[in-house]
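Protein chains in written order, with the numbering used here: chain A, 123 to 281; chain B, 300 to 1161; chain C, 11 to 336.
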Amino acid sequence: MLAEIARGLWLTLKHSWRSRVTVQYPDEREEMPKGYRGLHKLLRWEDGLERCVGCKLCSAACPVDCIFVESAENDPARPTSKGERYASVYEINELRCIFCGYCEEACPVGAIVLGNEYEFCQDHRDKFLYAKRDLLVRRTEDYPELKARYDEKRLLTYV
Amino acid sequence: MADQEITFTLNGEAVAAKKGEPVLEAALRRGLHIPHFCYHSYLSVVGQCRACLVDVLDAGNGKPVPKLQPACATPAIQGMVISTVSPRVKEAQEGVFEFLLKNHPLDCPVCDQGGECPLQDQTMAYAKAVSRTHELRRIYPRKELSAYVKPEMNRCVHCTRCIRFTHEIDGGGEFGWASRGDRTEVGIFEDLPLTSIVSGNVIDICPVGALTDNKYRFTARVWEMAHAEGPCTLCSVGCRQRVWRAGDELKRVTAGENPAVNDAWICDVGRYGWSGVHAGERILRPLIRREGRLQPASWPEALGHIARRLGAILRESGGGAVAGLGGAWATNESAFQFGAFFREVLGSNSVDCRVHPRDLAQTEAQLAAFGAVGGQGSIAGLGRAKGILLVGSDPFEEHPILALQVRKAARGGAAVVSVHPRRIDLRLHSGLRHLCPLPGEEARALRALAKALAEAGAAPSGEGAEGYAHALASADLDALCREADIDPREAREAARALRPEGAEVVVLAGPGAQAEAAAEAANLALLLRAELLFASTGPNLQGALDMGLHPALLPGGRPLGDAAAREACQGAWGGPVGAAPGLSSAQVWDALNERRVRALYLFGCDPAAEHPEGARVRRALEAAEFVVLHASHANASLDYAEVVLPAPTLYEEEGSVTNLERRVQRLRRAVKPLGEAREPWRAFAELSRAMEAPMRAHALDRVRLQARLLCADYAGPLSRLPEEGVRLARERRGAFRAAALPPAAPPAGGLRLILAPALWLSGSFAASAVHLKDMPRAALRLSPPDADRIGAGEGDEAEVELGGRSLRLPVRVDASLPVGLAQAPEGYLAALRGGLDAGAARGGAAVKVRAAAAAPRVKVGG
Amino acid sequence: MADLAVMLVKVVAAFGALLLLAAYMTWAERRVFALVQVRYGPNRVGPAGLLQPIADGIKLMFKESVIPAQADKLIFVLAPLVSLVPAMAAFAVIPFGSSVTLFGRQVDLIVADVNVGVLYIFALSGIGVYGIVLGAWASNSKYPLLGGLRSAAQLISYELSLGMSLLGVVLIAGSLSLKDIVAAQAHYPFILLQPLGFLLFLVCMLAETNRSPFDLPEAESELTGGFHTEYSSMHFAMYFLAEYCSMITLSAVAATFFLGGWRGPLLPPVVWFLVKVVAFMFFFMWVRATTPRLRYDQLMGFGWKVLLPLAILNVVATAGVMAFLG
């Protein structure tokens, strides 16, 4: 038994010379892998129109029911999205979200993506209810890594 | 073709079918799916979408059919062997779907049909997984149809269901084809807009998203919603419908299927009437009038207040000093409890569900003729009748689904005779005969028709037959026709048309059949051995009567004078029931004025607005010492109420309702009641507790148990109800009543005004339904010569002067009106508080109409 | 008067150092653990995380002390003190250096040279267990009670062997005073004469301080926190401090009895003493980072059936040799 303990002690001693695996988080950050599922973003088309058409497929696909969408009809003179329909309300409860990515998979127009951002602490529960203005990107071109998540050829661009 | 049962084989499975029935119908009933678009059970078969092509391996004679056959147009034959999975069929299906999708836009995420789309579902099941289409899709110019139907014709697959619906079922024929080939376009004629009251059905039958619901547009998706299926409760027809909700909000109503009532159609009032549940002036909490103003109160406060006031009146003047009206807008259970509360707790028999004099007259006529109300006719019988007599009925405006049944019968060759001051429109090209008597002379026209029938050989038989035969024998057809202003030849023709040998005849008495006309309609039904339907406006008037909301009838229709019946009630309720009949709704108003009745309980009714003698009713309400209003919506009677109790709408309540053919159907709660509304039966039980005379029925199953005990024929339906409901038919045996006709009114000079209900304009519920605001607006209908005379065109404002007051109404020029007659929607004029009063004058009220100057609208009344 | 002043200075210096050392041992333990587990440990507060113990202390002080509603409040509050005071007081008899001359006065670097120092240490460590048992009982909660019972049984079992393992040294040194024992090791440390005694002492030392692999009284996996489950804030900190003070005291005892106390070449005696104590402390941590916890029956069996007979054997053998050598 003593020998075993000695062997154990030797093993732990050896380990203490190894180089450490910890990433010193605020000072150093790891690069997120491709396909990482972080904070959601809503994308736009090149012409600035919102991609989201308010079809609610993401909310249907969501296993935890954390997406709430309300749709409305576009004003033909000042359309919000392509086609007739747009999401007048788009809310994600990021506390409830399990970041499974089903919403992204369900989206027929490549509107909702799970981005690389994982630092979104808040000091109040209510602030995790991300509304459309929190999720919508200004220009999709600024996020090439998000744009690359969809095969543009397979999106429904005709609506 | 006889209903001969045969069997054939589909993909190796035996399928039972009626001989000659389409293979597709039998397969679908058996649960075997064959893709289809143009086929619809209640429309004609056209076999043009080609999606249902099947391989007939054996046509029943041992030989295969060389080419693929459309299952919708292939009649089932004994011993047929059919395959829907052979490579030939698969190839055909894939080809058909590829062509269907060639021009169909892939905008399912935007389309409201997505999720409940036969094209979507069947494409997933039967089509190739990939598209080979590179060409541009066909795009039609954008058009609008109506406030209710939103077209997106790019999605159309040309199944023509909408075209067939409007031509065959609705009869308006608004939809049609334009262009040819690839450019074929389904649409409406520009000068024939889609205004039909049943137009919403094209939304339901469209197998793609080409015609969608404009009111439901983008508000929800089908997978978010749950639905409750049950009867519609906006009129007395009781069409089966699906009420869809998402969360606690109603989203839409779609048609349900009930071959015995509405086939698969509902009217637009039923489809959009639900919008009155959330909107409008709902009563959300109990109110008590303090210092002249109604102020919010809690339920215990309000019930305590009622108990105190009623208790004091009972002590001072006895139960006879309290009267209750209403119950036709409640479930059977709540109606039963209302009656029990009055008879047992208050000791008053003055409880009546027939607030409108028309309902009173019609039910009393039936009671006189048959000893019971309702059950002498069926809606399905109307649809398959060979002769139909419409008395004072304009079904498209009053009960649209009955109009569709009449049209169905007419398409089947039935002769339809209408006795109505107007030449009503049933959108029939032939088969409809009009007898247009002067208003108020319908009974005379009916007597003339009976005389003509007797001349043609019909002989009354049974109880009272002698007296009636004598009355007919002594009648002079020409004189009757002259007095009623109808043509004797037309009366004779109508009589001949109504008596085809051995055919089923239905008499449908609408709201226009009042007093003598209702009694005469019953006589005619007996003479013709016809089914008889009375179409009231209260959705559950029939059920309320069966539940005993009648001053002289106990639950189950047993007379109050029957000691055994009273004893049965005492056994169920625990308290004695007085033998003296109470006051009917007709007697209540005078009794209130004379202080014989001191307290009035209004349960879901609005006599101040809906009673034709509004002024008299309002005076009586003013005189009443204590008025309780127990309703879902604020209405004109609210001004007279001291206590107001909130009630749920029938979308928010569990229970059962009985339609005009005495079909009991189960009502399912679609959403939670708004505000503090609680079920009326519960409110009555709680009120009885507050009065320290607790009723035994404090739970829904206890109410049902009592109702089953006391209403013999409801015992079955109230314990178990099949989905389509149970029709409680009665034996068609009655007594003729040869009442002398009132003397003919002297020909009136000037314009007469008649009031007729329009389903979408009547009542506080319809008034608060925001989606119904796009229906035709309330208007003064004038015949073209009258309109010309006052110089008003369609849509112009006219100033209507009646009984010393006046108001403005838009003019609608209506060629169906005879000269000298104007029509306005009932319940609308009086609803303008302190406004006009049409009065009870037979034959319409004298009215002065002149074109209004194009001045800003002035609010009338005060 | 001057003696009293010197005494006061010695008490304050020694116990101040003890507390400081105990506090930093918590930091050191976490760093050592991190080292073994290939990570960093606390390194954010101050350089290399050196201010971490102070931050922890401040945090603990400002936390609310939750006292269970059904607890015996007085005992619940006093029990941590009963644990902490003896653990600190035991350090009094340990010489942490040779004499120094301060302001012309000869000052022994020992707080109190008691001639029965060994007995004193055992007596105090025996009292320490009361703090645990009382705290456990006063919590009126099942986990603490179980932890307290285990603790009592374990301390009684191992205290015997602990005492026995030191008897050999006492026999050789011929004195119960720790100062004398250090003096007796002027030429060589007693570890050479008493290897078995040292080994036994090492094992018992771990058990006596409730350290891994003998940390059954606070076995997290089965008893949540053991006897201090219900404790929070400074009350909890006192238990925590008591444990580390016991560790330091016993490390000092081990250094004194077997490694010659403050004796050593080149470096000043106090430094030598510190080096030896810290070495034992490291051993404590090292063992904790390595060994899994014993089962309760293994613990008792090992204590009574292996350690105690071996310790008695060691005493008898030492006594025999001493008698033989005269």
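For every residue, glycine included, the Cβ atom is placed at its ideal position computed from N, Cα and C.
CB contact check: C/V42 to chain A, cutoff 9 Å: For the purposes of this step, residue 42 of chain C is taken as the residue at position 32 of the third sequence. Under the 9 Å criterion on CB atoms, C/V42 is classed as interfacial with respect to chain A.
If we cut at 9 Å on Cβ distances, does B/E434 have a partner in chain A? Residue 434 of chain B sits at position 135 when you count from the first residue of the second sequence. Look at B/E434: its C-beta is not under 9 Å from any C-beta on chain A.
Pick helix, strand or coil for B/K449, following the three-state DSSP scheme. Your numbering for residue 449 of chain B matches position 150 in the second sequence. DSSP, reduced to helix, strand and coil, places B/K449 within a strand of the structure shown.
Leaving aside the five residues before and after B/L666 along the sequence, list all residues of the same chain whose C-beta is less than 7 Å from its C-beta, in chain order. In the second sequence, counting from the first residue as 1, residue 666 of chain B sits at position 367. Once the five neighbours on either side are set aside, the close Cβ partners of B/L666 are V672.
Relative to the alpha-carbon of B/I1053, which residue among B/P979, B/Q813, B/F1035 and B/A976 has its alpha-carbon at the smallest distance? The residue labelled residue 1053 of chain B in the question sits at position 754 within the second sequence. The shortest C-alpha separation from B/I1053 is found at B/Q813.
Since A/R142 meets chain C, which of its residues come closer than 7 Å, beta carbon to beta carbon? Taking the first residue of the first sequence as 1, we reach residue 142 of chain A at position 20. By Cβ distance, chain C contributes V48, R49 and Y50.
Any idea what DSSP makes of B/A794, helix, strand or coil? Locating residue 794 of chain B in the second sequence gives position 495, where the first residue counts as 1. B/A794: helix per DSSP, three-state reduction.
Quick check on the DSSP output: the beta strand (DSSP E) that includes B/T306 runs from which residue to which? Along the second sequence, one-based indexing puts residue 306 of chain B at 7. It spans E304 to L309 - the beta strand (DSSP E) in which B/T306 sits, taken as one unbroken run.
List the whole-angstrom C-beta distance separating B/A933 from B/E951, where the pair is believed to meet the contact cut-off of C-beta under 8 Å. Indexing the second sequence from 1 puts residue 933 of chain B at position 634. Indexing the second sequence from 1 puts residue 951 of chain B at position 652. The pair is not a contact, with the Cβ atoms about 17 Å apart (cut-off 8 Å).
Going by Cα to Cα distance, which pick from A/E192, A/E172 and A/C219 is closest to A/R200? The count along the first sequence starts at 1 and reaches residue 200 of chain A at position 78. Measuring from the Cα of A/R200, the nearest candidate turns out to be A/E172.
Nearest-angstrom Cβ-Cβ length linking B/D845 and B/T957, presumed shorter than 8 Å: In the second sequence, residue 845 of chain B corresponds to position 546, counting from 1. In the second sequence, residue 957 of chain B corresponds to position 658, counting from 1. At roughly 6 Å, the Cβ-Cβ gap stays under 8 Å, so B/D845 and B/T957 are in contact.
Measuring only between beta-carbons, confirm whether B/E523 sits less than 9 Å from chain A. The residue labelled residue 523 of chain B in the question sits at position 224 within the second sequence. Yes, B/E523 counts as interfacial toward chain A.
So, are the CB atoms of B/G954 and B/L882 less than 9 Å apart? Working through the second sequence from its first residue, we reach residue 954 of chain B at position 655. Working through the second sequence from its first residue, we reach residue 882 of chain B at position 583. No, the pair does not count as a contact, with Cβ atoms beyond the cut-off.
Flag B/G855 as yes when its Cβ comes closer than 8 Å to any non-hydrogen atom of the ligand SAM, and as no otherwise. With respect to small molecules bound, the structure shown includes none, and the ligand SAM cannot be examined in it.
Three-state secondary structure (DSSP) of C/W37: Locating residue 37 of chain C in the third sequence gives position 27, where the first residue counts as 1. Three-state DSSP puts C/W37 in a helix.
Just checking, does the segment 587-606 of chain B make contact with the segment 970-990 of chain B on the three C-beta pairs under 8 Å criterion? Yes: at least three Cβ pairs fall under 8 Å.
Which residue wins for smallest C-alpha separation from B/V876, given the options B/W476, B/S647 and B/R828? Here residue 876 of chain B is taken as the residue at index 577 of the second sequence, counted from 1. Put simply, of B/W476, B/S647 and B/R828 the residue whose alpha carbon is nearest the alpha carbon of B/V876 is B/S647.
If we ignore side chains and look at the alpha-carbon of each, how far apart do B/G319 and B/N310 end up? The sequence position of residue 319 of chain B within the second sequence is 20, counting from 1. The sequence position of residue 310 of chain B within the second sequence is 11, counting from 1. C-alpha separation (whole angstroms): 19 Å.
Which runs of the alpha helix (DSSP H) at least 4 residues long sit entirely within the segment 435-504 of chain B? Give them in chain order. Correct list: 460-463 and 500-504.
Among the residues of its own chain, which have a CB less than 6 Å from the CB of B/A709, if the five just before and after it don't count? The residue labelled residue 709 of chain B in the question sits at position 410 within the second sequence. Sequence-distant partners of B/A709 (beyond 5 residues in either direction) whose C-beta falls short of 6 Å from its own C-beta, in its chain, are V715, L727 and G730.
Secondary structure of B/G1134, DSSP reduced to three states: Numbered from 1 along the second sequence, position 835 holds the residue referred to as residue 1134 of chain B. At B/G1134, the pLDDT of 43 sits below 50, so the modelled position is not reliable and the matter cannot be decided from this model.
Considering only residues of the segment 543-585 of chain B, which uninterrupted alpha helix (DSSP H) runs meet the minimum length of 4 residues and lie entirely inside it, listed in chain order? If you keep only unbroken alpha helix (DSSP H) runs of at least 4 residues inside the segment 543-585 of chain B, you get 567-571 and 574-577.
Is the CB-CB distance between B/H457 and B/V497 below 9 Å? The residue you call residue 457 of chain B lines up with position 158 of the second sequence. The residue you call residue 497 of chain B lines up with position 198 of the second sequence. Not closer than 9 Å, so no.
For C/L119, report the span of its alpha helix (DSSP H) as first-last. Numbered from 1 along the third sequence, position 109 holds the residue referred to as residue 119 of chain C. Segment: none, C/L119 is in no alpha helix (DSSP H) and carries neither H nor E.
Show which residues of chain B have a CB atom less than 9 Å away from the CB atom of A/G205. Residue mapping note: residue 205 of chain A aligns to position 83 of the first sequence, counting from 1. Within 9 Å Cβ-Cβ: D406, P408 and V409.
For B/H849, count the other beta carbons within 10 Å of its own beta carbon; 16 or more makes it buried, fewer makes it exposed. Which is it? Position 550 of the second sequence, counted from the first residue, corresponds to residue 849 of chain B. Looking at its Cβ environment, which holds 16 or more other Cβ atoms inside 10 Å, B/H849 is buried.
Cβ distance (whole Å) where B/G676 is taken to contact B/L832 below 8 Å: Within the second sequence, residue 676 of chain B is the residue found at index 377, counting from 1. Within the second sequence, residue 832 of chain B is the residue found at index 533, counting from 1. Contact between B/G676 and B/L832 is confirmed by a C-beta separation of about 4 Å, below the 8 Å threshold.
So with Cβ pairs under 9 Å, would you call B/T518 a contact of chain A? As a position in the second sequence, residue 518 of chain B is number 219, starting the count at 1. Cβ-Cβ to chain A under 9 Å: yes for B/T518.
Determine the chain A residues that contact C/W296 at a beta-carbon separation under 8 Å, and present them in chain order. Counting from 1 along the third sequence, the entry for residue 296 of chain C is found at position 286. By Cβ distance, chain A contributes L131, T134 and L135.
Best match in B/A554, B/S574 and B/P1016 for proximity to B/K514 [C-alpha to C-alpha]: Along the second sequence, read from residue 1 onward, the residue named residue 514 of chain B stands at position 215. Per the Cα distances, B/S574.
Can you find a CB in chain B that lies within less than 9 Å of the CB of A/G232? Stepping through the first sequence from its first residue, residue 232 of chain A is reached at position 110. No, no contact with chain B.
Determine the contact status of B/C371 and B/Y338, defining contact as a CB-CB distance below 9 Å. Along the second sequence, one-based indexing puts residue 371 of chain B at 72. Along the second sequence, one-based indexing puts residue 338 of chain B at 39. Yes.
The alpha helix (DSSP H) with C/P205 in it runs from where to where? As a first step, residue 205 of chain C is located in the third sequence; it is residue number 195 there, counting from the start. From DSSP, the alpha helix (DSSP H) with C/P205 extends over P205 to E218.
Beta-carbon proximity of A/H137 to A/L257, cut-off 9 Å: Position 15 of the first sequence, counted from the start, is the residue given in the question as residue 137 of chain A. Position 135 of the first sequence, counted from the start, is the residue given in the question as residue 257 of chain A. A/H137 is not a Cβ neighbour of A/L257, given a cutoff of 9 Å.
Rounded straight-line distance, which links the Cα of C/V179 to that of C/L10: Residue 10 of chain C is absent from the model: chain C starts at 11 and stops at 336.
Select from B/L399, B/Q412 and B/T422 the residue whose C-alpha is nearest the C-alpha of B/I333. Taking the second sequence and counting its residues from 1, one reaches residue 333 of chain B at position 34. Minimum Cα distance to B/I333 is reached at B/T422.
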